[in-house]
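What follows is a set of notes on a single structure, which appears directly below.
In full-length UniProt numbering, the protein residues as written are 1 to 220.
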C-alpha cells in the first residue's frame, strides 16, 4: 500500500467553503485539524474539527452563518477546543466526498489545516487507485495539489480501521452486527447487503477488499 501526502488548495476562491473563509478571516481563531468528515443522508456534511483561540467568536460565526444547520463546541474558551458542525456543502465539496467514497482510497485522519488555509491530506491506497482518483479530481474540481511526500505505507496493526474507506467501515460494522463473522457464521452477503442498502455482489466485493487489507497488514 502506498501513501501520498498533498497540500490541497481551492483555485477559485480563498477557502473551500464560505464558513471556512469566515473562520480564516477571524484573527482570534486558529483552525488546527479535521478529525472526521461525513456526508449525511440528507446531503449535509457532519464535521469534527479542532480549533484554538477565541471559542466564543467561533460559536458566533457558526451561529450567524446561513450555511450551518447546527453546531456544538466544547473545551477551553481561549485555548484548544473541539467542535462538531453540520452544514450545507458546496458543489465541489459534495463531488469530492462522492469521489473519495466511491474509490479505494483511504484518508488518514486527522487532516491538518495550514496557516494559509490549505489542507494537508495523506491518502492511502494502491498506486493505480491514487492515480485514478487524482486524475478524476483534477479534471473535475477547482482544486490544486502540491505533493509533499509519498512512499510505502507502514500500517499500525492496532488501528486496522484506518486502512478502510468510510463505505468499507460501514459494511464491516454491518457484517459484524448481523453475524457474518460469528462462529459459526449466522449471516450471508445478502444479509449484509440488506443492512447497508446495497447489492449483494457489491457487499461481497467490499468484504473481500476489507479482508485483503487487514490480512496484508497482519502479514507485514
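Beta carbons are placed, not taken as given, at the ideal position from N, Cα and C, and that holds for glycine. Owing to the predicted nature of the structure, the values given are computational and were not obtained by experimental measurement.
**Q.** Bridge-paired residues (DSSP) for residue 10
**A.** For the purposes of this step, residue 10 is taken as residue 10 along the chain shown, with counting starting at 1. Its beta-bridge partners are 143.
(Q) Please list the terminal residues of the continuous alpha helix (DSSP H) segment that includes residue 92. (A) Residue 92 sits at position 92 when you count from the first residue of the chain shown. 91–102 is the extent of the alpha helix (DSSP H) around residue 92.
**Q.** Straight-line gap, residue 211 to residue 171 (C-alpha atoms, nearest Å)
**A.** On the chain shown, position 211 is the one that residue 211 refers to. On the chain shown, position 171 is the one that residue 171 refers to. Computed Cα separation, rounded: 12 Å.
Q) Which ranges would you report for the beta strand (DSSP E) in the UniProt domain "HVO-0513-like N-terminal" (17–153) if only whole runs of at least 3 residues count? A) 29–39, 45–53, 68–75, 80–87, 106–113, 119–125, 143–152
(Q) Please report the distance separating the alpha-carbon of residue 164 from that of residue 95. (A) For this step, residue 164 is matched to residue 164 along the chain shown. For this step, residue 95 is matched to residue 95 along the chain shown. Whole-angstrom Cα-Cα distance: 20 Å.
Q.
Suppose you measure from the CA of residue 1 to the CA of residue 56; what does that come to, to the nearest Å?
A. For the purposes of this step, residue 1 is taken as residue 1 along the chain shown, with counting starting at 1. For the purposes of this step, residue 56 is taken as residue 56 along the chain shown, with counting starting at 1. Going by the C-alpha atoms only, they are around 42 Å apart.
Q) For residue 191, does the count of other Cβ atoms within 10 angstroms reach 16, so buried, or fall short, so exposed? A) Taking the first residue of the chain shown as position 1, residue 191 is located at position 191. So residue 191 ends up on the buried side.
Q.
Let's test the definition: count the other Cβ atoms within 10 Å of the Cβ of residue 197 and tell me whether it reaches 16, buried, or not, exposed.
A. Residue numbering aside, residue 197 sits at position 197 when the chain shown is read from its first letter. Exposed is the call here.
Q: For residue 85, count neighbouring C-beta atoms within 10 Å of its own C-beta (all shown protein chains included) and say buried if the count is 16 or more, exposed if not.
A: As a first step, residue 85 is located in the chain shown; it is residue number 85 there, counting from the start. Buried: at least 16 other Cβ atoms inside 10 Å.
Q) CB residue 110 to CB residue 35, shorter than 8 Å? A) By one-based count along the chain shown, residue 110 stands at place 110. By one-based count along the chain shown, residue 35 stands at place 35. Cβ distance < 8 Å, so residue 110 and residue 35 count as in contact.
Q) Cβ of residue 50 within 8 Å of Cβ of residue 26? A) The sequence position of residue 50 within the chain shown is 50, counting from 1. The sequence position of residue 26 within the chain shown is 26, counting from 1. No, Cβ-Cβ distance for residue 50 and residue 26 is not below 8 Å.
Q.
Am I right that residue 89 and residue 45 are in contact with their C-beta atoms under 8 Å? What's the rounded C-beta distance?
A. Start at 1 with the first residue of the chain shown, and residue 89 comes out as number 89. Start at 1 with the first residue of the chain shown, and residue 45 comes out as number 45. Correct: roughly 5 Å between the Cβ atoms.
Q) Considering residue 172, what are the terminal residues of the alpha helix (DSSP H) in which it resides? A) On the chain shown, residue 172 is found 172 positions in, with the first residue counted as 1. 166–178 is the span of the alpha helix (DSSP H), which, as asked, contains residue 172.
Q: Note down, in chain order, each residue of its chain lying with its Cβ closer than 6 Å to the Cβ of residue 208, except the 5 sequence neighbours on either side.
A: Indexing the chain shown from 1 puts residue 208 at position 208. No residues qualify anywhere along the chain.
**Q.** Same chain only: Cβ atoms within 7 Å of residue 74, ignoring 5 sequence neighbours per side
**A.** Counting from one through the chain shown, the residue named residue 74 turns up at place 74. Same-chain partners within the cutoff: 81, 82.
Q. Is the CB-CB distance between residue 130 and residue 48 below 8 Å?
A. On the chain shown, residue 130 is found 130 positions in, with the first residue counted as 1. On the chain shown, residue 48 is found 48 positions in, with the first residue counted as 1. No. Outside cutoff.
Q. If you compare alpha carbons, which of 169, 146, 69 is closest to residue 8?
A. Taking the chain shown and counting its residues from 1, the one referred to as residue 8 is at position 8. For residue 8, the nearest C-alpha among the options comes from 146.
Q: Classify residue 98 as buried or exposed, calling it buried when 16 or more other Cβ atoms lie within 10 Å of its own Cβ.
A: Locating residue 98 in the chain shown gives position 98, where the first residue counts as 1. Under this definition residue 98 is an exposed residue.
Q. By a C-beta neighbour count over all protein chains shown, 10 Å radius and 16 as the cutoff for buried, is residue 201 buried or exposed?
A. What you label residue 201 is simply residue 201 of the chain shown in a count that begins at 1. Exposed.
Q: For residue 62, count neighbouring C-beta atoms within 10 Å of its own C-beta (all shown protein chains included) and say buried if the count is 16 or more, exposed if not.
A: Start at 1 with the first residue of the chain shown, and residue 62 comes out as number 62. Result: buried.
Q. Could you give the distance in angstroms between the alpha-carbon of residue 144 and the alpha-carbon of residue 187?
A. Along the chain shown, read from residue 1 onward, the residue named residue 144 stands at position 144. Along the chain shown, read from residue 1 onward, the residue named residue 187 stands at position 187. The straight-line gap from Cα to Cα measures roughly 45 Å.
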